[in-house]
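Visitor: What follows is a single structure, and I will ask about it in a moment.
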Amino acid sequence: ARLMVFDDITEVVSAQRSAAWTEVARRLAHEIKNPLTPIQLSAERLSLKLMDKLQPTEQAFPQRCVKTIVDQVAAMLRLVNEFRDYARLPAAELQPVNLHALVMDLMQLYGEETAQVPVRAKLDTDVPLIAADPQQLRQVIHNLVQNAQDATLQQAVSVGQPPSPVEIALQWSESSKRVRLSISDNGTGFAPHILQRAFEPYVTTKVRGTGLGLAVVKKIADEHGARIDLANRMDNGIVQGAQVSLSFVPASTEAP
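Its first residue numbered 5, the sequence shown is counted upward by one per residue in this note's numbering.
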């Protein structure tokens with residue numbers, strides 16, 4: 005008789021990919037950032053030297069060229085800085101955090117008078133404290149809300165209707181003994197290949213973007229011992245949007 009044992013190494017593979025991408029990010033930031041500033045400065049200086057020597061009717065073309073160079077350098081700098089931040093993400097400094105109070109504080113950033121896509125909160129008030137780094141948690145929530153707003157707005161524009169609110173929900177589950185935070189949108193949802201590899205860098209649904217958002221979220225969630233889940237919101241087999249959920253153990257207990 006033979007006994008076959010199958011181990012689920014999904015988390016191991018994911019961790020290996022994360023480590024590899026961290027090294028790629030570190031090297032990319034170092035190698036690409038150095039020449040960008042000289043490129044930008046050279047273009048600007050060239051423009052200044054040329055403008056005085058050209059007739060007003062001839063200035064438009066070099067000005068457009070310089071603007072293109074400067075704008076694209078700025079875009080590359082943003083990309084490099086995101087990779088640098090991903091590689092340098094500091095270890096979480098955990099402390100007892102009232103997640104309800106933290107979310108309520110963040111809601112002030114999403115007032116309906118300023119947001120293209122409104123944000124609605126549905127929060128349990130009686131939730132236990134969790135062990136978290138407040139600054140990193142703010143970064144996570146802001147990132148997820150921003151993604152949800154972008155997806156909702158993109159879908160609303162495509163169908164010619166006003167955007168529906170993004171929802172932040174906070175619940176305490178007595179059965180699982182976990183605090184669950186979820187952000188739901190009304191976009192097109194996650195494609196199957198995104199659901200499978202969403203937390204890897206450079207996997208994104210956005211036309212513009214590095215795809216580092218969810219990778220950073222996953223890194224921070226792991227530091228907090230939190231579970232993170234992606235899902236599509238369905239109604240009669242039709243995708244109504246996406247939902248990202250984080251679940252935390254209370255500060256007084258340890259994750260299983």
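The beta-carbon is built from N, C-alpha and C at its ideal position, and this holds for glycine as well. These figures come from a predicted structure and were not determined experimentally.
Which partner residues of N236 appear in the DSSP bridge assignment?
Guide: DSSP lists A246 as partners of N236.
Visitor: Secondary structure at L133, three-state DSSP: helix, strand or coil?
Guide: The answer is coil: DSSP assigns L133 none of H, G, I, E or B.
Visitor: Which residue from E35, L185 and K57 puts its Cα closest to that of P132?
Guide: Of E35, L185 and K57, the residue nearest in Cα terms is L185.
Visitor: Using CA coordinates, which residue listed in L106, N38 and T192 is at the minimum distance from S168?
Guide: Selected option, being the one with the closest Cα: T192.
Visitor: Candidates L50, A96, L81 and R82: which alpha carbon is nearest R68's?
Guide: Checked all of L50, A96, L81 and R82; the closest Cα to R68 is L50.
Visitor: Could you tell me whether the stretch 130-145 touches the stretch 99-108, where touching means 3 or more Cβ pairs closer than 8 Å?
Guide: Contact between the stretch 130-145 and the stretch 99-108 is present, because at least three Cβ pairs lie under 8 Å.
Visitor: Across the stretch 246-253 and the stretch 215-232, are there enough close Cβ pairs to call them in contact, namely three or more that are closer than 8 Å?
Guide: Touching, yes.
Visitor: Between the Cα of L127 and the Cα atoms of L174, N236, Q76 and A95, which residue gives the shortest distance?
Guide: The residue with the shortest Cα to Cα distance from L127 is L174.
Visitor: Rounded to whole angstroms, what's the CA-CA distance from E62 to L52? Just pull it up for me.
Guide: Cα to Cα, the separation comes out at about 14 Å.
Visitor: Of all the options N240, E171, Q158 and F203, which has the alpha carbon lying nearest to the alpha carbon of D189?
Guide: Comparing Cα positions, the closest option is E171.
Visitor: Is the CB-CB distance between I198 and V248 below 9 Å?
Guide: Not closer than 9 Å, so no.
Visitor: From R31 to A160, what does the alpha carbon distance come to, in whole angstroms?
Guide: Cα-Cα distance, rounded: 39 Å.
Visitor: Tell me the DSSP secondary structure of A1 in three-state form.
Guide: The chain is shown only over 5 to 260; residue 1 falls outside these bounds and no answer can be derived.
Visitor: So for Q120, helix, strand or coil by DSSP?
Guide: Note: Q120 maps to coil in three-state DSSP.
Visitor: Quick one: grab the DSSP three-state call for P166.
Guide: Coil, per DSSP.
Visitor: Once the 5 residues before and after A263 are set aside, which same chain residues still bring their CB inside 8 Å of it?
Guide: Coverage of the chain is limited to positions 5 through 260, which leaves residue 263 absent and any answer about it impossible.
Visitor: What residues in its chain sit with their C-beta under 8 Å from that of L157, if we drop five residues either side in the sequence?
Guide: Once the five neighbours on either side are set aside, the close Cβ partners of L157 are Q120, V121 and P167.
Visitor: D130 to Q112, Cα distance in whole Å?
Guide: So the alpha carbons of these two residues sit roughly 21 Å apart.
Visitor: Using the Cβ count rule (16 or more neighbours within 10 Å means buried), how would you classify L141?
Guide: Flag for L141 reads buried.
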